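Adding 83 to a residue's 1-based position in the sequence shown gives its number in our numbering.
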Amino acid sequence: MAHFMCRTCGTEHADSLQPPGLCRICSDERQYVGWQGQAWTTHEELAATHRNRLEMDQDLFGIGIAPAFAIPQRALHLPEARLLWETTALVTDEAVAEIKRRGGVERIAISHPHFYSAMVRWSEALGGVPIFVHENDRLWVSRPSRWLEFWRGDTLDLGRGATLLRCPGHFPGSSVLHWRDGPKGRSLLLAGDSLHVAQDRRHVSFMYSVPNHIPAKPEHVRETQARLRGLAFDDVYGFTWGLNIIGGGRAAVDASFERYFSMVSR
Ligand SMILES: [Zn+2]
Ligand SMILES: [Zn+2]
């Protein structure tokens, strides 16, 4: 028995004797099956050839994978919020020890299914901590676990200045994390793929599919705009290393809503 892991998205699956037929996440129109066909690995195999990339991303400590594997998201540690935002496909003792050295975590929150990766393995490695996943995306969970906490509604106050906000358009349960009390007195918006930070790092866009270039429906973007209205934040952290808007985050997001609607509306 093994927890087979999709090589394209890094999602770990429930224990099985044989690899599943297709990865549900990659066979969905928001993702893609690898050009050589569906391929699987295991955490054990991955750990033999890869390590966790552990370094600061601007003001937050990040955890990624080196060399690159699957979707290149990086997790972020929010020590005062007792939270790990997103996870990766690889969990090493070195990464767990470093998170604990930096104050540890009491919970994990994940923006959407593309970053489910090895979230259950991460929870267990951190001592068994709840993993907050939106109820609307429950059907995308490939490895069930008692640590999963399915939250409902549009906002969830996690305390310590951290709030989850559902911002649909990418997935029905896609969420961002607002952290009012970030380092250096800054407030942060951790965007996942709900607000996709553009390469100019001065704008965001709103995508149903990032790799397949399908824009989000305007009605969903309007809902996201309404949900974020009145929320202050200095910086926007995108899904991967360095893809961040540092300073003027609120104004950049407002300008991006305007730009999006000017392009998609008649
Ligand atoms: Zn996959
Ligand atoms: Zn995504």
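C-beta atoms are modelled at their ideal positions from N, C-alpha and C, and glycine is treated no differently. Given the structure is predicted, the values throughout are model-derived calculations rather than measurements.
Cβ pair residue i, residue j closer than 8 Å
{"i": "L247", "j": "F215", "result": "yes"}
{"i": "V188", "j": "H217", "result": "no"}
{"i": "R229", "j": "R165", "result": "no"}
{"i": "F289", "j": "G252", "result": "yes"}
{"i": "A153", "j": "G93", "result": "yes"}
{"i": "V224", "j": "E95", "result": "no"}
{"i": "T132", "j": "Q156", "result": "no"}
{"i": "M88", "j": "T124", "result": "yes"}
{"i": "F144", "j": "R185", "result": "yes"}
{"i": "P301", "j": "Y115", "result": "no"}
{"i": "D318", "j": "R269", "result": "yes"}
{"i": "L271", "j": "Y343", "result": "no"}
{"i": "P352", "j": "R190", "result": "Since the first residue shown for the chain is 84 and the last is 349, residue 352 is missing from the structure and cannot be characterised."}
{"i": "A201", "j": "L173", "result": "yes"}
{"i": "G330", "j": "F316", "result": "no"}
{"i": "L105", "j": "A192", "result": "no"}
{"i": "S110", "j": "H195", "result": "no"}
Per-residue DSSP class, three states only, for residue i
{"i": "T94", "result": "coil"}
{"i": "W168", "result": "strand"}
{"i": "H217", "result": "strand"}
{"i": "F344", "result": "helix"}
{"i": "A149", "result": "strand"}
{"i": "S228", "result": "coil"}
{"i": "W123", "result": "strand"}
{"i": "L222", "result": "helix"}
{"i": "R204", "result": "helix"}
{"i": "D140", "result": "strand"}
{"i": "S99", "result": "strand"}
Limits of the unbroken beta strand (DSSP E) element including residue i
{"i": "M84", "result": "That residue, M84, is in no beta strand (DSSP E); it is neither H nor E in DSSP."}
{"i": "T238", "result": "T238 to G242"}
{"i": "A158", "result": "A158 to L161"}
{"i": "I108", "result": "Taken as a continuous stretch (DSSP letters only), I108 belongs to no beta strand (DSSP E), as it is neither H nor E."}
{"i": "R235", "result": "Unbroken run through R235: none, as it is neither H nor E."}
{"i": "I191", "result": "R190 to A192"}
For residue i, the first and last residue of its enclosing alpha helix (DSSP H)
{"i": "I182", "result": "D176 to R184"}
{"i": "H126", "result": "H126 to T132"}
Neighbour flag for residue i against chain C, beta carbons, 8 Å
{"i": "S206", "result": "Reference to chain C is not applicable here, since this structure consists of a single protein chain."}
- Along the chain, which unbroken stretches of the alpha helix (DSSP H) at least 4 residues long are found entirely within the region 245-333? 301-311
- Query: Does the region 257-277 touch the region 95-107, meaning 3 or more C-beta pairs lie closer than 8 Å?
  - Reply: no
- Item | Contact between the region 251-266 and the region 175-185 (3+ Cβ pairs under 8 Å) | no
- Item | the region 311-328 / the region 135-147 touching (three or more Cβ pairs under 8 Å) | yes
- Check your reading: residues with Cβ closer than 6 Å to ligand 4 heavy atoms: No copy of ligand 4 occurs in the structure displayed; its ligands are ligand 1 and ligand 2 alone.
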